[in-house]
């Protein structure tokens, strides 16, 4: 069972409600305390139905989330190195090539090389070309530490929207 996004209670049945313009999953207690009426709930369900239909229509690319497995950014296991631009530039200079020569060997425009060396994230296809042409390993496992935030409490649960609202109220006082 899901977790209530407003109070943080685990293993409760939730319903999608609109809270300050955002759709959140709320338990029955939060549903009552927020004062959600039947009309508001129907409107929320209509909004969710429309967004779900739009999400199903997108086939990937710029219109949606893309297809899992096509883009390394959507696979959880591989991630582009944070210093990929420096690695590319150093490997190119070590081989004694200028950007034009690298572009010719990769069959890419010089502009693509310049953008990658300046820090713009290249496409997966171009990343593979960089790796094979320069003999680099630009992709790897995610090495970033987990970003979960825990609150020191008896049950040590995660941070919820209700906790954030309480923290904001305390800062205002």
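Residue numbers (the numbering used here): 2 to 174. We put the CB at the ideal spot given by N, CA and C, even for glycine. These figures come from a predicted structure and were not determined experimentally.
DSSP-derived helix/strand/coil call for residue 120 = On the chain shown, position 119 is the one that residue 120 refers to. In this structure, residue 120 counts as coil in the three-state DSSP scheme.
query = residue 159 by DSSP, collapsed to three states: which one?
reply = Within the chain shown, residue 159 is the residue found at index 158, counting from 1. Three-state DSSP puts residue 159 in a strand.
ask   = Can you name the residues that DSSP bridges to residue 26?
value = By 1-based counting over the chain shown, the position of residue 26 is 25. According to DSSP, which records beta bridges pairwise, residue 26 is partnered with 17.
inquiry  = For residue 129, report the span of its alpha helix (DSSP H) as first-last.
reply    = As a position in the chain shown, residue 129 is number 128, starting the count at 1. That run of the alpha helix (DSSP H) goes 125-135.
request  = Using a threshold of 8 Å, state whether the C-beta atoms of residue 184 and residue 35 are closer than that.
outcome  = Residue coverage of the chain in this structure runs from 2 to 174, which leaves residue 184 outside it and unanswerable.
query = Quick one: what's got a C-beta closer than 8 Å to residue 172's C-beta in the same chain, skipping five residues either side?
reply = Stepping through the chain shown from its first residue, residue 172 is reached at position 171. For residue 172, where only same-chain residues beyond five positions count, there are no Cβ hits under 8 Å.
ask   = How is residue 104 classed by DSSP in three states: helix, strand or coil?
value = The count along the chain shown starts at 1 and reaches residue 104 at position 103. Of the three classes helix, strand and coil, the one that applies to residue 104 here is helix, per DSSP.
request  = Compute the Euclidean distance between the alpha carbons of residue 126 and residue 106, then round it to the nearest angstrom.
outcome  = By 1-based counting over the chain shown, the position of residue 126 is 125. By 1-based counting over the chain shown, the position of residue 106 is 105. Cα to Cα, the separation comes out at about 15 Å.
request  = Can you give me the start and stop residues for the alpha helix (DSSP H) that residue 95 sits inside?
outcome  = Your numbering for residue 95 matches position 94 in the chain shown. Note, residue 95: alpha helix (DSSP H), 85-95.
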